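When you read off a place in the sequence shown, starting at 1, and then add 439, the result is the number in the working numbering. So the structure is just underneath, and the comments pick up after that.
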Amino acid sequence: MAEVRFLPTHDIDFKQDDRFPSIKTKLLESRQTHAHASVIIAQVAPGGEIPRHVHEAESETAYVLSGRGKLITDSGDYPFEPGVMVTIPPGLAHGVVNDSDEPLEVFAFHTPPAR
């Protein structure tokens, strides 16, 4: 029988991302805990960025929790601020720039789970 997975996220520490020095993440779900999605909260430092990258097989949906920045895509730049949600299909290059003086915090999930 399926069970609810209850996860108090305040008990999970942000970890420095090995690939991107201005990024910290909280891993909430991964391939090990969820068969269909990976879920993170990403924190981009003021002046930091998530460099342009591509997910070949995963769709990414992101929702801005706090802070401000820009979503960079081949089809243009978009304001990335609280209340904005975006879905990026597989194969589309994208990145995020935090051009503000406060951390940018984003809730994001990938389907299927990111590798």
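C-beta: ideal position from N, C-alpha, C; glycine also. All values derive from a computational prediction rather than experimental measurement.
Bridge partners - residue i, DSSP secondary structure assignment
| i | result |
| --- | --- |
| G524 | According to the sequence provided, residue 524 is Met. The question's Gly does not apply to it. Beta-bridge pairing links M524 to Y502. |
| D516 | I511 |
Cβ-based neighbour list, residue i, same chain, cut-off 6 Å, excluding 5 preceding and 5 following
| i | result |
| --- | --- |
| I527 | E499 and H533 |
| A477 | First, the residue type needs correcting, since residue 477 is Ser and not Ala in the sequence shown. The residues are E468, S469, H549, P552 and A553. |
Buried or exposed (CB count within 10 angstroms, at least 16 for buried), residue i
| i | result |
| --- | --- |
| H492 | exposed |
| F445 | exposed |
| Q482 | buried |
| H475 | exposed |
| A389 | Any property of residue 389 remains undetermined from this structure, which presents the chain solely from 440 to 554. |
| S514 | exposed |
| E544 | buried |
| P460 | exposed |
| A441 | exposed |
| P447 | exposed |
Chain-order list of residues whose beta-carbon lies under 8 Å from that of residue i (same chain, five-residue window excluded)
| i | result |
| --- | --- |
| E495 | P529 and G530 |
| T464 | F453, K454, D456, I479, I480, A481 and Q482 |
| P542 | Q482, V483, A484, P485, S505 and G506 |
7 Å CB neighbourhood of residue i in its chain, flanking five on each side removed
| i | result |
| --- | --- |
| L466 | I479 |
At least three beta-carbon pairs within less than 8 Å, the region 496-505 to the region 443-457:
no
Jot down the residue ranges of each uninterrupted beta strand (DSSP E) in the region 458-495, minimum 3 residues, whole runs only, in chain order.
462-468, 477-483 and 488-492
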